[in-house]
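First comes the structure, then the notes that go with it.
Residue numbers (this note's numbering): 25 to 336.
Structural data, given as C-alpha cells:
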C-alpha cells in the first residue's frame, strides 16, 4: 500500500472509529453507517486496504468500547462497506450494487446474531422481543394510570399476539432492514465520492422511471396464492414463508406504484413538495393497497410506456 493509501486509510479508519464510538456511547444508529468510510476506501484503494482498515478500526473501537462485542459488530457490519465499495470498484450498475450490498447486509445481520449466540450465549432476537414487550407493558401501565382503556390501543390485539406476529414476519423484516442499510450507505458513499472525487459513481435513473423486472410479478402471485391455500391447512412453516414473501413483494410493488404516481404527478407539473406530501399520505392510508396493485398491473399495462421508449 503506497503512502497516499496509508494516509487516506488512516484518516478513514479514524472516521470509522469515531462513528463507532459515537454509536456505542451516544447515538446507536451511527453504527449502521460505519460501512461508508470502508466503502470509500475499498472503492479508491482496493479490497485489501478496506479489510485492513475494517480490522484495525474494529480492534481500536473494541479497546475503547465493549471490547469483544464492539469488535465483532464492526467486523460484521464492515462487510457491507466492503461489498458496496467492491461493487462500485468493479463498475457494477446501481441495481447490482444494491443486490450485492443487500445480500451481504442480510448475511451480516444473521451472522451477527449467530456469533452473539455462539460465543456469548445471547439470543439477540429473543432479547429484542422481550425488551419490546416490556416497553409495551410499561406504556400500558402509564395509560391505565391515566384512566385510558388499553384494550383498543392495538385494535383489540393483545401485546402477546402482536409479538407473536412480529416473530412470524421477522425474516422479511431482516431482508427489508438489509436493503435499507445498504441504500443509506450507498447513497452516503456516492454523495461523498461525488463531492471529493471527479469520478462518476453509478446511481439509479429518476424515481418516476423505476420499474422492476417483469418476472417478479410471479413471486407476488405465488405469495398470494399460497396464503389463500394455506388458510385452511395446518402448515405453520409454509404459512410463515408465504406471509414473508407477501410482505417483501408488497413493498416491491408499493415502490413501483409510488414511482408510477410520481411519474404522472411530475408530468402534471405538480410541485415536488406536494408530490412528496401526497405520496406520504397515500402510503400511510388504505390507498397504499391501490398503489401496490397499480404497480403489479404495470407489468402488463406499462402505464408510463417505458418499454416503448426503450425500444425506440
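Glycine included, each C-beta is placed from N, C-alpha and C at the ideal position.
What is the rounded straight-line gap between the Cα of residue 300 and the Cα of residue 290? CA-CA distance, residue 300 to residue 290, rounds to 11 Å.
From this set, 33, 307, 255, 203, which residue's C-alpha is nearest residue 69's C-alpha? Minimum Cα distance to residue 69 is reached at 33.
Using 8 Å for Cβ pairs, my map puts residue 156 next to residue 187. What's the rounded Cβ distance? Rounded, the Cβ-Cβ distance is 7 Å, consistent with contact.
Can you tell me whether residue 235 is buried or exposed? The criterion is at least 16 other CB atoms within 10 Å of its CB, across all chains shown. Around the CB of residue 235, 16 or more other CB atoms lie within 10 Å, so the residue is classed as buried.
Buried or exposed, going by whether 16 or more other CB atoms sit within 10 Å of the CB of residue 196? Looking at its Cβ environment, which holds 16 or more other Cβ atoms inside 10 Å, residue 196 is buried.
Which runs of the alpha helix (DSSP H), 4 residues or longer, sit entirely within the segment 239 to 279? Runs of the alpha helix (DSSP H) lying entirely within the segment 239 to 279 and spanning at least 4 residues, in chain order: 241 to 254.
Can you give me the C-alpha to C-alpha distance between residue 283 and residue 303, rounded to a whole angstrom? Spanning the alpha carbons of residue 283 and residue 303 requires a straight line of approximately 10 Å.
Does the Cβ-Cβ distance between residue 102 and residue 58 come in under 8 Å? Yes; because the gap between Cβ atoms is below 8 Å, this pair is in contact.
Would you mind working out which of 286, 295, 305, 311 sits nearest residue 328, comparing C-alpha positions? Comparing Cα positions, the closest option is 286.
Is it the case that the segment 224 to 232 contacts the segment 245 to 252, given that we only count it when at least three CB pairs across the two stretches are under 8 Å? No: the two stretches stay apart, fewer than three of their Cβ pairs being nearer than 8 Å.
Applying the 10 Å Cβ sphere with the 16-neighbour rule, what's the burial state of residue 255? Residue 255 comes out exposed.
Check residue 290 in the structure and name its three-state DSSP category. In the structure shown, residue 290 sits in a helix (DSSP, three-state: H, G or I).
DSSP three-state label for residue 224, please. Coil at residue 224, not helix or strand.
Which residue wins for smallest C-alpha separation from residue 210, given the options 322, 271, 151, 117? If we check each option's Cα against that of residue 210, 117 comes out closest.
Nonlocal neighbours in the same chain, by C-beta distance under 7 Å from residue 268, ignoring five residues either side: Contacts found: 193, 195, 196.
Could you give the residue range of the alpha helix (DSSP H) that holds residue 188? Its alpha helix (DSSP H) spans residues 183 to 192.
Let's see if you can read the secondary structure: which residues bound the alpha helix (DSSP H) around residue 62? Unbroken alpha helix (DSSP H) run through residue 62: 59 to 69.
Collapsed DSSP secondary structure at residue 326 in the structure displayed: Here residue 326 sits in coil by DSSP.
Just confirm the distance between the C-beta atoms of residue 279 and residue 312, as a whole number of angstroms; I'd bet it's less than 8 Å. Wrong, their Cβ atoms sit about 11 Å apart, outside the cutoff.
If you draw a straight line from the alpha carbon of residue 84 to that of residue 46, how long is it in whole angstroms? Distance from the CA of residue 84 to the CA of residue 46, rounded to the nearest whole angstrom, comes to 13 Å.
Rounded to whole angstroms, what's the CA-CA distance from residue 133 to residue 198? Just pull it up for me. About 7 Å.
Could you check the C-alpha separation between residue 80 and residue 61 for me, to the nearest Å? Taking the Cα positions, residue 80 is about 13 Å away from residue 61.
Proximity of residue 106 and residue 213 at Cβ, strictly below 8 Å: Between residue 106 and residue 213, the CB-CB gap reaches or exceeds 8 Å.
8 Å contact criterion, which residue 202 and residue 294 should meet: CB distance rounded: Incorrect: roughly 33 Å between the Cβ atoms, too far for contact.
Considering Cα atoms alone, identify which of 114, 113, 320, 108 is closest to residue 122. Among 114, 113, 320, 108, the Cα nearest to that of residue 122 belongs to 108.
For the alpha helix (DSSP H) that residue 296 lies in, which residues bound it at each end? DSSP places residue 296 in the uninterrupted alpha helix (DSSP H) bounded by 296 to 307.
Kindly indicate which three-state DSSP category residue 338 falls into: helix, strand or coil? Residue 338 is absent from the structure shown; the chain starts at 25 and stops at 336.
Within 10 angstroms of the Cβ of residue 31, are there 16 or more other Cβ atoms? Answer buried if so, exposed if not. Exposed is the label assigned to residue 31, since fewer than 16 other Cβ atoms lie within 10 Å of its Cβ.
Beta-carbon spacing of residue 323, residue 241 below 8 Å: In this structure, residue 323 sits near residue 241, with a CB-CB distance shorter than 8 Å.
Straight-line gap, residue 276 to residue 318 (C-alpha atoms, nearest Å): Rounded to the nearest angstrom, the two C-alpha atoms are 12 Å apart.
Of all the CB atoms in chain D, is at least one closer than 8 Å to the CB of residue 207? Among the protein chains of the structure shown there is no chain D, as only one such chain exists.
Just mark residue 43 as buried or exposed, buried being the case when its beta carbon has 16 or more other beta carbons within 10 Å. With 16 or more Cβ atoms within 10 Å of its Cβ, residue 43 is classed as buried.
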